[in-house]
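Scroll down for the structure; my scribbles are underneath it.
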Amino acid sequence: MITKSSLQKTTFLEEHAGQYGYDGKIDRIRDEEYPQLKNTIYLDHAGTTIYAQSTFKAFAIDLASNLYGNPHSKSPSSNLTAQKLDSVRTLVLNHFDTTPGDYQVIFTQNATAAIKLVGECFPWTKNKSWLKYLRESHTSVIGLRAFAKENEVDFSTVNEDEIESMIRKKNNDLASNLCEDSQTVYNLFVYPAQCNFSGMRFPLSWTQGIKEKFNNDSSRVLVLLDAASYVMTSQLSLKDTETSPDFVSISFYKMFGYPTGIGALLVKSELAPILRKRYFGGGTVSAVLYDIDYQQFRPSLSESFEDGTTNFLSIIALSHAFSTFIALFTSFNQATLHTSSLISYLYTQMSSLKHYNGSPVCKIFSTRDFNNPVEQGPVLNFNLKKADGSWIGFSEVARLAGIQNIDLRVGGLCNPGNVTKWFNVSQKELMMAFQSGKVCGDDQDVINGKPVGSVRVSLGAMSTIDDVLALIDFVKEYFVETSPPVERFRTKHLSKNMHLNPIKSCKGFSTDQPWPISQQGLLYDREWMLIDAQSGRALRQTQYPRMALISPAIDLINNVLVISAPGLPSLTMRLNELSNFEVELRESRICGDKINSLEYTSLEITSFFSKFLNVSCYLACQSSFSRRYIKEKLSSSANAPLSLSNESPFLLVSQNSFDCLKSQIGSEKEQVIDLRSFRGNFVIEGAERAYEEDDWKLLRIGEQFFELLGPCTRCQMICINQDTGERTRDLYSSLVKCRSTNGKIKFGQHMVHVPKLSKAPYVISSGMEAEILELRKIE
1 MITKSSLQKT
11 TFLEEHAGQY
21 GYDGKIDRIR
31 DEEYPQLKNT
41 IYLDHAGTTI
51 YAQSTFKAFA
61 IDLASNLYGN
71 PHSKSPSSNL
81 TAQKLDSVRT
91 LVLNHFDTTP
101 GDYQVIFTQN
111 ATAAIKLVGE
121 CFPWTKNKSW
131 LKYLRESHTS
141 VIGLRAFAKE
151 NEVDFSTVNE
161 DEIESMIRKK
171 NNDLASNLCE
181 DSQTVYNLFV
191 YPAQCNFSGM
201 RFPLSWTQGI
211 KEKFNNDSSR
221 VLVLLDAASY
231 VMTSQLSLKD
241 TETSPDFVSI
251 SFYKMFGYPT
261 GIGALLVKSE
271 LAPILRKRYF
281 GGGTVSAVLY
291 DIDYQQFRPS
301 LSESFEDGTT
311 NFLSIIALSH
321 AFSTFIALFT
331 SFNQATLHTS
341 SLISYLYTQM
351 SSLKHYNGSP
361 VCKIFSTRDF
371 NNPVEQGPVL
381 NFNLKKADGS
391 WIGFSEVARL
401 AGIQNIDLRV
411 GGLCNPGNVT
421 KWFNVSQKEL
431 MMAFQSGKVC
441 GDDQDVINGK
451 PVGSVRVSLG
461 AMSTIDDVLA
471 LIDFVKEYFV
481 ETSPPVERFR
491 TKHLSKNMHL
501 NPIKSCKGFS
511 TDQPWPISQQ
521 GLLYDREWML
531 IDAQSGRALR
541 QTQYPRMALI
551 SPAIDLINNV
561 LVISAPGLPS
571 LTMRLNELSN
581 FEVELRESRI
591 CGDKINSLEY
601 TSLEITSFFS
611 KFLNVSCYLA
621 CQSSFSRRYI
631 KEKLSSSANA
641 PLSLSNESPF
651 LLVSQNSFDC
661 LKSQIGSEKE
671 QVIDLRSFRG
681 NFVIEGAERA
691 YEEDDWKLLR
701 IGEQFFELLG
711 PCTRCQMICI
721 NQDTGERTRD
731 LYSSLVKCRS
741 TNGKIKFGQH
751 MVHVPKLSKA
761 PYVISSGMEA
771 EILELRKIE
């Protein structure tokens, strides 16, 4: 049977025969060299590309055949290492079309370390020099301003238009920074050859333009080109030293996937006399006295700036990575043709996606021509929108992509300038978000209706049309709305079951006995958590699925918490008696909130969890001095305190809604789907139709009243089987198709107790009648 995707592939291959696939070799290359990609759609090559099998094989043979000693020694094995390192330096220079006379290679840990090295050794002149960097620069470039501040020089950002204007401008305002002693004042201009956020490429000619405009007898501008993203699939030539940058930063893992931990700073050899090295380590000096301030640096930049023993085995591995790449892909120019054909096709397809009402699905963040690799690299940065125009959060896209084995990158991408540029988010709004608990890399994706991050897809030399088509099909299946939403419905009179989750992210338990309601929810519900001893963050079941096998249960009669786990003796703790255990007050993080937690320092307790989860962790509860409250996004009239629950004190789920979801998954998979995965406190039964709980506003269960605050946003934790700890993607995938709202996957309802309507004592139990007393207003 010929599918639509196969027809699209055939058409693509016909239209891009001269660019795509390395003369038809790409499928064989993928099968033989990249078996690790067999079951994954890998679309994060700007993060790191993927390593080839031949690189490891050649490196292993090399290591087995040769003895490499420390290059600072003078033994035969040491000399062999030194020779190899010199040959790799030459290889790197040859790749960038230059020579040792023009540039020198300083090996660093990565491109960030290379950029930092420029800031450390740059010849700043106090109150005279300046630093300027492009708005679209990576965070690692922005970090250079710390050196500017330290040396009391001005720093500022510039955008594309301002740079072009600076180059064209007749008057040279920036060149008037003369030094009183007639010494040359050096300034630093930094920009990326390719933006890591959007893939937009910036003119390499800027280097020449800036130099011609601002260099004179008393003032010089040195240019640092951040080429880390650019050289991933493109050839950079430094042959013309009159127009080339003074510094170039690169990371080799972005080019080859392996070795990691190796980058380089390419420095013009002529700059050696002016660079200021302060710290010196082993191997960088030719003479040194221990008690007198006397040392002489080695003559070459490489020798004097590579402190200590270099990562020499990884540098040697780099030679094999170069050889393998050329053997597989012929050249980086061929990789450019290959990836350019893919990214232009992806752009065309994604930009043409429409909802049923004609509104676009995809907002792409680039102003470049995707058919021209001079302007645009193999990166597509975008956000998705609903048919009503609202944004779909990048975190939801990432969660579902992960379920489908699609690897991509989401967030601010270490590029704050692009966040403000594309998302119409002011610096003030971002500052308020950070002060409210947002941190870089979290899943808070929309603030005040504006996205604060995006989805980045990036392609590499070994990417295929199948990868691209898989992404397009993924977006079509889960995010393109083909018809208007179904109208909401209502009902009354239901009954429920009750569940508690004493330890956050561990297994919950059901109870039939009457249970007290506290200010923070059901008594002892989400009272405890497990904290990573290193990071101070609460452990999550999505990271440690074995947490599902840890079974805590509360015995109110005997006033104990009993915890069991397979293969370990049960652990029993008395409730409300912290004095029986040593406790320590610590600051922890949960759902972006900083809290003070009480740590149980008992070795018996700590060992129980650390041994079972194979991670150093400790049990903790929230200190009475620390308060969290219902999240502001939930429309609650009460500012109720929280225990360790994510957003609200109570969570309600509907049996009918779950049954509807199971029917969509398919009968053969129903047995692996469990309502417990949704971790609701109350399970409502007897609703007439699925998802009618969306309409409820006020609910009575027995003699206790609850205000419904809104739907619960779901993460991949629902994919974990609560009996085995195994993952399944079917539940989340089905949920996306029927319960995606404004980019969020919704199931269940947040609730808060309403004491002024309820009867004291505040106690609730399973089997009580529930009644819907008020419905939400339909807007």
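Using UniProt numbering, the letters of the sequence shown map in sequence onto residues 1 to 779.
Each residue gets a CB set at the ideal place from its N, CA and C atoms; glycine is no exception.
Check your understanding: Between residue 268 and residue 246, is the Cβ-Cβ spacing less than 7 Å?
Key -> Locating residue 268 in the sequence shown gives position 268, counting from the first residue. Locating residue 246 in the sequence shown gives position 246, counting from the first residue. Yes; because the gap between Cβ atoms is below 7 Å, this pair is in contact.
Check your understanding: Any chance the CB of residue 500 is under 6 Å from a heavy atom of the ligand MG?
Key -> Here there are no bound small molecules, and the ligand MG is not part of this structure.
Point to revise | Residue range of the alpha helix (DSSP H) that includes residue 482 | key: By one-based count along the sequence shown, residue 482 stands at place 482. Careful: residue 482 lies outside any alpha helix (DSSP H) and carries neither H nor E.
Review point. Which of the three DSSP states, helix, strand or coil, is assigned to residue 760?
Key: Indexing the sequence shown from 1 puts residue 760 at position 760. In this structure, residue 760 counts as coil in the three-state DSSP scheme.
Practice item. Round the Cβ separation of residue 224 and residue 190 to the nearest angstrom and send it over; I've been treating them as touching at under 8 Å. Key: Here residue 224 refers to the residue found at position 224 when the sequence shown is read from its first residue. Here residue 190 refers to the residue found at position 190 when the sequence shown is read from its first residue. The Cβ separation is near 4 Å, so the contact holds.
Review point. Would you call the stretch 319-331 and the stretch 42-54 touching, i.e. three or more CB-CB distances under 8 Å?
Key: yes
**Study point:** Proximity to residue 772 [Cα-Cα], best of 730, 728, 723, 704
**Key:** Residue mapping note: residue 772 aligns to position 772 of the sequence shown, counting from 1. When each option's Cα is compared against that of residue 772, the closest is 704.
Exercise for review: Give, in chain order, every unbroken run of the alpha helix (DSSP H) that is at least 4 residues long and sits entirely within the stretch 164-245.
Suggested key: 206-214
Point to revise | residue 748 versus 117, 740, 285, residue with shortest Cα-Cα distance | key: In the sequence shown, the residue the question calls residue 748 occupies position 748. Considering only alpha carbons, the answer is 740.
Check your understanding: Rounded to a whole number of angstroms, what is the C-alpha to C-alpha distance between residue 206 and residue 165?
Key -> Stepping through the sequence shown from its first residue, residue 206 is reached at position 206. Stepping through the sequence shown from its first residue, residue 165 is reached at position 165. C-alpha separation (whole angstroms): 11 Å.
Check your understanding: Using 8 Å as the Cβ pair cut-off and three pairs as the minimum, do the stretch 428-444 and the stretch 302-313 touch?
Key -> no
Exercise for review: Please confirm if the stretch 57-76 is in contact with the stretch 87-107, defined as three or more CB-CB distances below 8 Å between the two stretches.
Suggested key: no
Exercise for review: Please report how far the alpha carbon of residue 386 lies from the alpha carbon of residue 351, in whole angstroms.
Suggested key: By one-based count along the sequence shown, residue 386 stands at place 386. By one-based count along the sequence shown, residue 351 stands at place 351. Those two C-alpha atoms are separated by around 14 Å.
Check your understanding: Who pairs with residue 553 in a beta bridge, going by DSSP?
Key -> Residue mapping note: residue 553 aligns to position 553 of the sequence shown, counting from 1. The partner list for residue 553 (beta bridge, DSSP) reads 562.
Point to revise | Residues of its chain near residue 424, where Cβ-Cβ distance is below 8 Å and the 5 sequence neighbours each way are ignored | key: Looking up residue 424 in the sequence shown gives position 424. So the qualifying residues of the chain are 450.
Check your understanding: Do you know whose CA, among 429, 301, 204, lies nearest residue 374's CA?
Key -> Numbered from its first residue, the sequence shown carries residue 374 at position 374. Looking at the Cα atoms, 204 is the closest of the given residues.
Exercise for review: Along the beta strand (DSSP E) that carries residue 751, what are the first and last residues, could you check?
Suggested key: Your numbering for residue 751 matches position 751 in the sequence shown. Its beta strand (DSSP E) spans residues 744-753.
Review point. For residue 696, does the three-state DSSP call read helix, strand or coil?
Key: Position 696 of the sequence shown, counted from the first residue, corresponds to residue 696. Residue 696 falls in the strand class under three-state DSSP.
Exercise for review: Take residue 616 and list the residues in its own chain whose beta-carbon comes closer than 7 Å to its own, dropping the five residues that flank it on each side.
Suggested key: On the sequence shown, residue 616 is found 616 positions in, with the first residue counted as 1. 533, 534, 610, listed in sequence order.
Check your understanding: Is the stretch 352-363 in contact with the stretch 405-419, if contact means three or more CB pairs nearer than 8 Å?
Key -> no
Check your understanding: Alpha carbon to alpha carbon, what distance is there between residue 431 and residue 687?
Key -> Here residue 687 refers to the residue found at position 687 when the sequence shown is read from its first residue. Here residue 431 refers to the residue found at position 431 when the sequence shown is read from its first residue. Taking the straight line from one Cα to the other gives about 45 Å.
Practice item. Output the residue ranges of the alpha helix (DSSP H) runs that lie fully inside the stretch 253-298 and measure 4 residues or longer, sorted by chain position. Key: 253-256
Exercise for review: On a CA-only basis, which of 767, 707, 726 is nearest residue 755? Give me that one, please.
Suggested key: The count along the sequence shown starts at 1 and reaches residue 755 at position 755. Checked all of 767, 707, 726; the closest Cα to residue 755 is 707.
Exercise for review: Can you grab the Cα-Cα spacing for the pair residue 785 / residue 557, in whole Å?
Suggested key: An answer regarding residue 785 cannot be provided, because it is not within the stretch 1 to 779 covered by the chain.
Point to revise | C-alpha gap between residue 725 and residue 559, whole angstroms | key: Numbered from 1 along the sequence shown, position 725 holds the residue referred to as residue 725. Numbered from 1 along the sequence shown, position 559 holds the residue referred to as residue 559. Each residue's alpha carbon lies about 29 Å from the other.
Exercise for review: Identify which residue in 15, 550, 154 has its Cα closest to the Cα of residue 501.
Suggested key: By 1-based counting over the sequence shown, the position of residue 501 is 501. For the residues 15, 550, 154, the minimum Cα distance to residue 501 belongs to 550.
Practice item. Look up residue 247 in the DSSP assignment and give the residues it is bridged to. Key: Mapped onto the sequence shown, residue 247 falls at position 247. 224, 267.
Exercise for review: Can you grab the Cα-Cα spacing for the pair residue 217 / residue 211, in whole Å?
Suggested key: The residue given as residue 217 occupies position 217 in the sequence shown. The residue given as residue 211 occupies position 211 in the sequence shown. C-alpha separation (whole angstroms): 12 Å.
Review point. Mind checking residue 356: buried by the 16 CB within 10 Å criterion, or exposed?
Key: Working through the sequence shown from its first residue, we reach residue 356 at position 356. By the neighbour-count rule (16 or more Cβ atoms within 10 Å), residue 356 is not buried but exposed.
**Study point:** Three-state secondary structure assigned by DSSP to residue 444
**Key:** In the sequence shown, residue 444 corresponds to position 444, counting from 1. Three-state result, residue 444: coil.
Exercise for review: Kindly give me the distance between the Cβ atoms of residue 648 and residue 731, rounded to whole angstroms, as I take these residues to be in contact under 8 Å.
Suggested key: For the purposes of this step, residue 648 is taken as residue 648 along the sequence shown, with counting starting at 1. For the purposes of this step, residue 731 is taken as residue 731 along the sequence shown, with counting starting at 1. About 22 Å separates the two Cβ atoms, so there is no contact after all.
Review point. Cα separation between residue 668 and residue 662?
Key: Mapped onto the sequence shown, residue 668 falls at position 668. Mapped onto the sequence shown, residue 662 falls at position 662. Because the pLDDT at residue 668 is just 48, under 50, the model does not fix this residue reliably, and the value given afterwards should be weighed accordingly. So the alpha carbons of these two residues sit roughly 10 Å apart.
Check your understanding: Is there contact between the stretch 289-297 and the stretch 148-155, where contact requires at least three CB pairs shorter than 8 Å?
Key -> no
Review point. Buried or exposed: residue 126, going by 16 or more other Cβ atoms within 10 Å of its Cβ?
Key: Looking up residue 126 in the sequence shown gives position 126. Answer is exposed; the Cβ neighbour count stays below 16.
**Study point:** Cα-Cα separation between residue 361 and residue 479, rounded to whole angstroms
**Key:** Walking along the sequence shown from the start, residue 361 turns up at place 361. Walking along the sequence shown from the start, residue 479 turns up at place 479. Looking at the two C-alpha atoms, the distance is approximately 8 Å.
Check your understanding: Looking only at C-alpha atoms, which of 115, 15, 763 sits nearest to residue 512?
Key -> Here residue 512 is taken as the residue at index 512 of the sequence shown, counted from 1. Of 115, 15, 763, the residue nearest in Cα terms is 763.
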